[in-house]
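Residues 778 to 990 in our numbering are what the sequence shown spells out, letter by letter.
Just so it is clear, CB atoms sit at the ideal spot from N, CA and C, and this is done for glycine as well.
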Amino acid sequence: MTAGSRRWPRVLIALALLLAVGIVMRHAALRAAGRLLIVDEPVGRADAIVVPTWAGDAGAIEAADLVHNGVSGAIGVLGAPPTEAERELSRRGIRHQDEAADLIELLHSLGVPNAEVIPWGAGGTEGEGLALASWCGQRHLQSIVVVSAPDHSRRVRRVLRRSMGRGSTRLAIRSARHAPFDPDGWWETHDGLRIGIVELEKLLLDVIRHPLS
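Structure follows, in structure tokens:
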């Protein structure tokens, strides 16, 4: 066996080790990116719990669990402005149950009878923050817990703190535990990859636009 032929197994082993290290480092970076999206703050007693409709069924479950654990008995459901189709149905006198009503019905099924809709007009997440600030101010709420989908949670905290201003209402973000987003493997499924990329882009854009938030 020549010296050159003896070197080949060692070269192949070295390449295999480099490949393995590269895979581990890539997965570690992807996991770190997934966890960067998530905020889950300590939750104590609060004046109210807020669950946006986009938090979905997992948000309703989390909010109901918070109620049953004694965090608060008051729940506000943050809906969305009516769509053009919903306005047209209303104009025609046709009853249509929107996402907020669906979520309130689900909360009732989960043993939470006292949920109300927080009205707001438009403006995306910034508009949600303004509506939430107004709702808290009208009720003189000192503290609220906002239930979020995990992949939204860090960006939502930034936007809500910015749009609600430095008022007297303390804000805590709770990530819904039963949501489908997996920070440790989000890139392994088509839906997870799509959600992760979109939310990372939105978070990066928010940081660039509002670096001091």
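Annotation: Leu948 is outside any alpha helix (DSSP H); the continuous beta strand (DSSP E) that includes it extends over Arg947 to Ser952. Under the criterion of beta carbons closer than 8 Å, Val820 and Ala908 do not qualify as touching, at roughly 22 Å.
When beta bridges are read from the DSSP output, Ile826 appears opposite Ile852 and Val922.
Here the stretch 885–893 makes no contact with the stretch 857–875; the two share fewer than three CB pairs at distances below 8 Å.
DSSP, reduced to helix, strand and coil, places Ala877 within a helical segment of the structure shown. Across the set Leu989, His845 and Arg931, the C-alpha of Arg931 shows the shortest separation from the C-alpha of Gly811.
Pairing Ile815 with Ile852 gives a Cβ-Cβ distance that is not under 8 Å. Beta-bridge partners of Glu893 (DSSP): Gly853. For Pro927, the three-state secondary structure derived from DSSP is helix. Its chain contains Ala835, Ala926 and Pro927 as the residues whose beta carbon lies nearer than 6 Å to that of Ala956, once the 5 sequence neighbours on both sides are disregarded; these appear in chain order. The straight-line gap separating the alpha-carbon atoms of Pro988 and Arg868 is approximately 43 Å. In this structure, Val854 lies near Leu880, with their beta-carbon atoms less than 8 Å apart. Taking all protein chains shown into account, Arg951 has 16 or more neighbouring C-beta atoms within 10 Å of its C-beta and is therefore buried.
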